[in-house]
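Trainee: Numbering (the working numbering), first residue to last: 139 to 432.
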Amino acid sequence: MTVVDAHLHVWDPGRAAYDWLGPAMAPLDRAMRFRDARPLLRAAGVTAAVLVQAADSDADTDHMLATAATNPEAAGVVVWLPLDDPDRAAARLAVLRRDPHVVGVRALIHERSDPDWILRPDVGEGLALLAGAGLTFDYVTSSPAALRHVPELAARHPDLRLVVDHLGKPPVGGTPEERAEWRRLLTAAARRPGVHAKLSGLYATTGALDTWTTGQVRPFVEDALEVLGPERLMYGGDWPISLLAGGYARTWEAVGALLAPLATAERAAVLGGTAARFYRLDPDLLDAAHDAAV
Numbered sequence: 139m140t141v142v143d144a145h146l147h148v149w150d151p152g153r154a155a156y157d158w159l160g161p162a163m164a165p166l167d168r169a170m171r172f173r174d175a176r177p178l179l180r181a182a183g184v185t186a187a188v189l190v191q192a193a194d195s196d197a198d199t200d201h202m203l204a205t206a207a208t209n210p211e212a213a214g215v216v217v218w219l220p221l222d223d224p225d226r227a228a229a230r231l232a233v234l235r236r237d238p239h240v241v242g243v244r245a246l247i248h249e250r251s252d253p254d255w256i257l258r259p260d261v262g263e264g265l266a267l268l269a270g271a272g273l274t275f276d277y278v279t280s281s282p283a284a285l286r287h288v289p290e291l292a293a294r295h296p297d298l299r300l301v302v303d304h305l306g307k308p309p310v311g312g313t314p315e316e317r318a319e320w321r322r323l324l325t326a327a328a329r330r331p332g333v334h335a336k337l338s339g340l341y342a343t344t345g346a347l348d349t350w351t352t353g354q355v356r357p358f359v360e361d362a363l364e365v366l367g368p369e370r371l372m373y374g375g376d377w378p379i380s381l382l383a384g385g386y387a388r389t390w391e392a393v394g395a396l397l398a399p400l401a402t403a404e405r406a407a408v409l410g411g412t413a414a415r416f417y418r419l420d421p422d423l424l425d426a427a428h429d430a431a432v
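1. Suppose you measure from the CA of P137 to the CA of P282; what does that come to, to the nearest Å?
2. Does the stretch 399 to 418 come close enough to the stretch 222 to 240 to have 3 or more Cβ pairs within less than 8 Å?
3. Apply the 10 Å Cβ neighbour rule to W350 and answer buried if 16 or more other Cβ atoms are within range, or exposed otherwise.
4. Bridge partners of K120, per DSSP?
5. Sort E369, L340, D422, G345 by Cα distance to A392 and report the nearest one.
6. With three or more beta-carbon pairs closer than 8 Å as the criterion, would you say the stretch 420 to 430 touches the stretch 368 to 377?
7. Buried or exposed, going by whether 16 or more other CB atoms sit within 10 Å of the CB of R173?
8. Need the endpoints of the alpha helix (DSSP H) that H428 sits in, please.
9. What is the C-beta distance between H304 and S251, in whole angstroms, given that I count them as a contact (C-beta under 8 Å)?
10. Can you round the beta-carbon distance between A342 and G311 to whole angstroms, since I take them to be within the 8 Å contact cut?
11. Please state whether DSSP places R299 in a helix, a strand or coil.
12. Skipping 5 residues on each side, what residues in its chain have a beta carbon closer than 7 Å to that of P357?
13. For the beta strand (DSSP E) that contains T274, what are its first and last residues?
14. How would you write the range of the alpha helix (DSSP H) that H201 sits in, first residue to last?
15. Mind listing, in chain order, the continuous alpha helix (DSSP H) runs of no fewer than 4 residues lying wholly within the stretch 303 to 362?
16. Less than 8 Å between the CB atoms is what I'm expecting for A212 and T205, so what's the real figure, rounded?
17. Which same chain residues end up closer than 8 Å to V433 when comparing Cβ atoms and leaving out the 5 residues on each side of it in sequence?
18. In chain order, what are the residue ranges of uninterrupted beta strand (DSSP E) at least 3 long that sit wholly in the stretch 203 to 262?
19. Spatial neighbours of R171 within its chain, please: C-beta separation below 8 Å, excluding the five flanking residues on both sides.
20. Spatial neighbours of E369 within its chain, please: CB distance less than 7 Å, with the 5 preceding and 5 following residues excluded, ordered by chain position.
21. With three or more beta-carbon pairs closer than 8 Å as the criterion, would you say the stretch 275 to 290 touches the stretch 241 to 249?
22. Look at the alpha carbon of M163 and the alpha carbon of A193, and state the distance between them as a whole number of angstroms.
23. Alpha carbons only, please: which of W158, Q354, E360, P220 is nearest the one belonging to F275?
24. May I have a chain-ordered list of the beta strand (DSSP E) segments no shorter than 3 residues that lie completely inside the stretch 357 to 412?
25. Helix, strand or coil, according to DSSP, for V148 in the structure here?
26. Measure from the alpha carbon of H239 to the alpha carbon of each residue in G384, A292, P224, D200, then state which is nearest.
27. Can you give me the C-alpha to C-alpha distance between D348 and D225, rounded to a whole angstrom?
28. Is there at least one non-hydrogen atom of the ligand GDP closer than 7 Å to the beta-carbon of E211?
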């Protein structure tokens, strides 16, 4: 089985600016390179990874692409484009599409002061550009509230493949009422067939990130499986943020336990098949990733 980690970051403050990365993020406030993640991926049996942007800048994109060029296990890269500047985005995309690693786009919309930025007309032009190019869009949230925009985005752009990062930040450790509201929002989003989600970043939403338990995460994974199905869910290890939440191995083991009741084909979808299909990962790059991993 091809196992794909659909959400892995690399960054280097010496090559790009990361405004959110400071002493409060120690010990991650330094260069985090793919070679640091490789032993953890191999121990888990992960054979390929998708690198996901960590800054709204060309410099971060260039760093990820340079990483992918020298690390075969990185089979895909989710880059940044200035979606609110469609002309500039189109010009940049013309260059980026020369690299087969480029599979999708993300922007740190949860860091913007305008909570409705993603619905602006100029951003809509940028998203239409992605849909026309066959690229995906990673939708990142800081809380479940932002899920309210997903149904409208999917309706405006029916050809855009959209994935909700970290299941939209469900209230792990929260109240039953909070879970019910998150489920309602995810269910509304799931009515659009192009919407997918990542089983990633499922940490405690209050207090220290590492206070989560598998039992606390279980109901949210069960809800996601019921609402979206395995064919629209994908595993993401969220390295290196997962190091602050108990470690990569702990995340991987929890996902394994939570997926254990599924049939073999369903587990295979969540652990790799969905990501390979959704991101349209290049088969040659996946083969190269597998060869490097084993």
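Positions of the beta carbon are idealized from the N, C-alpha and C atoms, including for glycine.
Mentor: With the structure as the only source:
1. An answer regarding residue 137 cannot be provided, because it is not within the stretch 139 to 432 covered by the chain.
2. no
3. buried
4. Missing from the structure shown is residue 120; the chain here goes from 139 to 432 and no further.
5. L340
6. no
7. Under the 10 Å beta carbon count, R173 is surrounded by fewer than 16 other beta carbons and is classified as exposed.
8. Residue range 421 to 431 is occupied by the alpha helix (DSSP H) that includes H428.
9. Wrong, their Cβ atoms sit about 21 Å apart, outside the cutoff.
10. 5 Å
11. Reduced to three states, the DSSP call for R299 is strand.
12. R317
13. 274 to 277
14. 196 to 208
15. 314 to 328
16. 6 Å
17. A question about residue 433 goes unanswered here, because the residues of the chain that appear run from 139 up to 432.
18. 212 to 217, 240 to 244
19. V148, D150, T205
20. A407, T412
21. yes
22. 15 Å
23. Residue P220 is the option with its Cα nearest to F275.
24. 371 to 373
25. V148: coil per DSSP, three-state reduction.
26. Closest by alpha carbon: D200.
27. If I take the Cα positions, the gap works out to 42 Å.
28. No copy of the ligand GDP appears in this structure; indeed no ligand is present at all.
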